[in-house]
Amino acid sequence: MIAMNRPLSVVPGASIETLNGGTSSDQTEASLPKIERPDDVIAEIDVLLSDDLNNSLYLLQYPYRPRDQPPYRPDEITAIRFKPEREQLEIQLAINTRGVNYDRRRSEAIATASNRQWGGGGSSSDGSGVGGGYFPNGVVDRQLLRSSKPIGNGSESNLAVGRFERIRDSEGRIARSVLHLTPIKNVLQMETACDYLDAHKTTGQGGKGDGESEDSKPVTVRFAGRESDRVKAIRARAYSQIVKKNAEEPWQAMGYRDMESPEAEQARLQMLCPHQHDAHGVSTTDNSNIFNVEGSEYATAITNRHAAGLRGDSLKSIREKPLNEQVAYVLGNAKILRFDTLLDILPQGPQALDRVQVLRAVQQCACLVQGNWVVKSEVLYPKDSHSDQLGLPGEIMRRSRNYILVQLQNSLVVSKSQLTDALRLPHEELEQLLLHLTVQDGHDRWRLKLPRDEKFLRANPDIVHRQNLIWEALESGLSREFKEARSTTVGEKIAAAGNRRRHSGKVADPL
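Take full-length UniProt numbering: the last position of the sequence shown gets the number 511, and nothing is skipped along the way.
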């Protein structure tokens, strides 16, 4: 239930003398007694969670269009296809070739060059199933929108779309208000794909003749960062594996329905939770949604069903397991929690939880970062494990995540560009690690998800001291590992320079 509070009104002036018992009005405002008044509740709104469209609702973000127009007309959309596992969507749109802004001569030139590059026979590469090259009609008469995922795994961001409903009684008066929330599986940003232009540009650059000007032009040279052959091989293998999996998954043809179609109306109705009401508009349905609970039940439900990366048994099924396994399960799914929140989430057995025992258990599977407990990297990436994104070895992921934790322990805010330079991780893996621990707070700033828990730090000085010693040892070990990795890279370059010198008979320049 959501409570909407009306802001307190402040009357300037004159009750100062009454409050001060008749004292002079030139007394400072700081000497006045503080009067605390509870905020008035002006509305109560029930919040219901609808699961009818669970794992099937996506939010699409289109290129800029006028606000009063729909994204695209039905007659513009010629084909839609989708890869459910990779969550990749492509929409093919028709282009108005009779418009006043359409350059037919330029269109024919681009189509001719593209068809020559992509081949004149067979089906087009965009999957439309039309033969005769990329543009079989000889003109640029269509464009392709291809999706990208700005937030990686959408389920980890707990996104939802809401519908507001006012329920009226038999006399037409509003009896209650309900907000229906439907989880969104992911967000897809639709971007224009111009593969044919890239191919045409490559062909044009490769076909320059000897008669062209050979005037000197300024060239900007950029050197790649230092990477060992092992890291390069891992990166190439991970990328090739993604490309292979993407190519193996078949496309599924999709249909388009207008906003006013019966199918669209049915989908909108599925976003409303079913409920019955009596003659006075009071709900008679037992709504077992997660928002109609109290205290620890709410924390348990929201973590059990919506925590990032939640997998495995429910909290009820692990109630009989040892306390350290329960703590590891909760932190392994939530990634970062305050200690008080952890106590609320843990399943309550016949006896109340012993705070001291929970403190001992949490130190076995988590580390203290700014007063919050974060699951250890060794728990998430055990021996012989691999990352979920690109399949990188668990050793690399443990070292990279520990480096990020050290930076967050030293400061609540980290720089993504500095982490990229230090870790040399692929973009997808680094962003996944950051999303589990931080929230974006600017173009390059990522802030720890939870604020510093000063209360816990003051109440547990012994634990804080012990954790600080662990951080110092971990930071020293990471510094040594990164130094050895850089030395290995430099040694490989020196060996390569020596090989070039022996083969060429020339003296290599010093590094």
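Glycine is no exception: its CB is placed at the ideal position from the N, C-alpha and C atoms. Note that the coordinates shown come from a computational prediction; the quantities given were computed from them, not determined experimentally.
May I have the straight-line CA-CA distance separating G477 from Q92, to the nearest angstrom?
The sequence position of residue 477 within the sequence shown is 477, counting from 1. The sequence position of residue 92 within the sequence shown is 92, counting from 1. Taking the straight line joining both Cα atoms gives about 53 angstroms.
Output yes or no for whether 9 angstroms exceeds the beta carbon distance between V413 and R452.
For the purposes of this step, residue 413 is taken as residue 413 along the sequence shown, with counting starting at 1. For the purposes of this step, residue 452 is taken as residue 452 along the sequence shown, with counting starting at 1. Between V413 and R452, the C-beta gap is not smaller than 9 angstroms, which leaves the two residues out of contact.
What distance in whole Å lies between the Cβ atoms of L343 and V358, which are believed to be in contact at a cut-off of 8 angstroms?
Against the sequence shown, residue 358 aligns to sequence position 358. Against the sequence shown, residue 343 aligns to sequence position 343. Yes, they are in contact, since the Cβ atoms of V358 and L343 sit about 6 angstroms apart, within 8 angstroms.
Please check the pair I167 and R176, which I expect to be a contact at CB under 8 angstroms, by giving their CB distance rounded to whole angstroms.
Taking the first residue of the sequence shown as position 1, residue 167 is located at position 167. Taking the first residue of the sequence shown as position 1, residue 176 is located at position 176. The pair is a contact, with the Cβ atoms about 5 angstroms apart (cut-off 8 angstroms).
Based on Cα-Cα distance, which residue from D354, W251, L181 lies nearest to C273?
Within the sequence shown, the letter at position 273 stands for residue 273. Answer by Cα proximity: L181.
Can you tell me which of M397, L448, N468, R73 puts its alpha carbon nearest to the alpha carbon of L423?
Taking the sequence shown and counting its residues from 1, the one referred to as residue 423 is at position 423. Its Cα nearest to that of L423, the residue M397 stands out among M397, L448, N468, R73.
Closest Cα partner of S472 within the set T438, Q409, N460
As a position in the sequence shown, residue 472 is number 472, starting the count at 1. Looking at the sequence provided, one finds Glu at residue 472 rather than Ser. The residue with the shortest Cα to Cα distance from E472 is Q409.
Would a C-beta distance cut-off of 9 angstroms place F135 and S114 closer than the cut-off?
Position 135 of the sequence shown, counted from the start, is the residue given in the question as residue 135. Position 114 of the sequence shown, counted from the start, is the residue given in the question as residue 114. Cβ distance < 9 angstroms, so F135 and S114 count as in contact.
Taking the straight line between their C-alpha atoms, what separation do you get for R458 and N402?
Locating residue 458 in the sequence shown gives position 458, where the first residue counts as 1. Locating residue 402 in the sequence shown gives position 402, where the first residue counts as 1. Between R458 and N402, the C-alpha separation is close to 25 angstroms.
Look at E378 and W251 and say whether their C-beta atoms are less than 9 angstroms apart.
As a working note, residue 378 is residue 378 in the sequence shown. As a working note, residue 251 is residue 251 in the sequence shown. One thing to note: E378 has its Cβ no nearer than 9 angstroms to the Cβ of W251.
Is W373 close to chain C, meaning its C-beta is less than 9 angstroms from at least one C-beta of that chain?
Absent from the structure is chain C; it holds one protein chain and no more.
Ignore the nearest five residues each way along the sequence and tell me which others in T438's own chain have a CB closer than 8 angstroms to its CB.
Locating residue 438 in the sequence shown gives position 438, counting from the first residue. If we look at T438 and ignore the five residues flanking it on each side, its Cβ neighbours are L408, V414, W446, R447, L448, K449.
Excluding sequence positions up to five away, which residues of its chain have a Cβ less than 6 angstroms from the Cβ of A111?
The sequence position of residue 111 within the sequence shown is 111, counting from 1. Closer than 6 angstroms at the Cβ level, and outside the excluded window around A111, lie F135, G138, V139, V140.
Of the choices S400, E87, S261, L179, whose alpha-carbon is the least far from that of L245?
As a first step, residue 245 must be located in the sequence shown, where it is residue number 245. The residue asked about is misnamed: residue 245 is Lys in this sequence, not Leu. Out of S400, E87, S261, L179, E87 has the C-alpha closest to the C-alpha of K245.
Give me the DSSP bridge partner(s) of H443.
The residue given as residue 443 occupies position 443 in the sequence shown. The partner list for H443 (beta bridge, DSSP) is empty, contrary to what the question assumes.
If the criterion is Cβ atoms closer than 9 angstroms, does the pair Q440 and L368 meet it?
Mapped onto the sequence shown, residue 440 falls at position 440. Mapped onto the sequence shown, residue 368 falls at position 368. Inclusion of Q440 and L368 in the CB contact set at 9 angstroms is not warranted, their separation being larger than that value.
Helix, strand or coil: how does DSSP classify M271 here?
For the purposes of this step, residue 271 is identified with residue 271 of the sequence shown, where counting begins at 1. In the structure shown, M271 sits in coil (DSSP, three-state: anything other than H, G, I, E or B).
Outcome for F164 when other beta-carbon atoms lying within 10 angstroms are tallied against a minimum of 16:
Here residue 164 refers to the residue found at position 164 of the sequence shown. Classification of F164: exposed, given that the 10 Å Cβ count is below 16.
I think I184 touches L59, with their Cβ atoms under 8 angstroms apart; what is that distance to the nearest whole Å?
The residue given as residue 184 occupies position 184 in the sequence shown. The residue given as residue 59 occupies position 59 in the sequence shown. That pair is a contact at about 5 angstroms.
Whose C-alpha, out of E395, P347, L392, N460, is nearest the C-alpha of N372?
Mapped onto the sequence shown, residue 372 falls at position 372. Answer by Cα proximity: N460.
Consider the C-beta atom of L48 and the heavy atoms of the ligand ADP; say whether any pair is separated by less than 8 angstroms.
As far as ligands go, the structure on display features none, and thus does not contain the ligand ADP.
Nearest-angstrom Cβ-Cβ length linking residue 515 and R146, presumed shorter than 8 angstroms
The requested residue 515 does not occur in the structure, where the chain is confined to residues 1 to 511.
With burial defined as no fewer than 16 other Cβ atoms inside 10 Å of the residue's Cβ, what is the status of I470: buried or exposed?
Translated into the one-based positions of the sequence shown, residue 470 becomes position 470. With a 10 Å radius around the Cβ and a threshold of 16 neighbouring Cβ atoms, I470 comes out exposed.
Is D262 helix, strand or coil by DSSP?
The sequence position of residue 262 within the sequence shown is 262, counting from 1. In the sequence as displayed, the identity of residue 262 is Pro instead of Asp. Helix.
So the candidates are E481, L353, S261; which of them puts its Cα closest to the Cα of P74?
Start at 1 with the first residue of the sequence shown, and residue 74 comes out as number 74. Checked all of E481, L353, S261; the closest Cα to P74 is S261.
Candidates D52, S400, E263, I45, of which the one nearest D421 by Cα:
Residue 421 sits at position 421 when you count from the first residue of the sequence shown. Each of D52, S400, E263, I45 was checked against the Cα of D421, and the nearest Cα belongs to S400.
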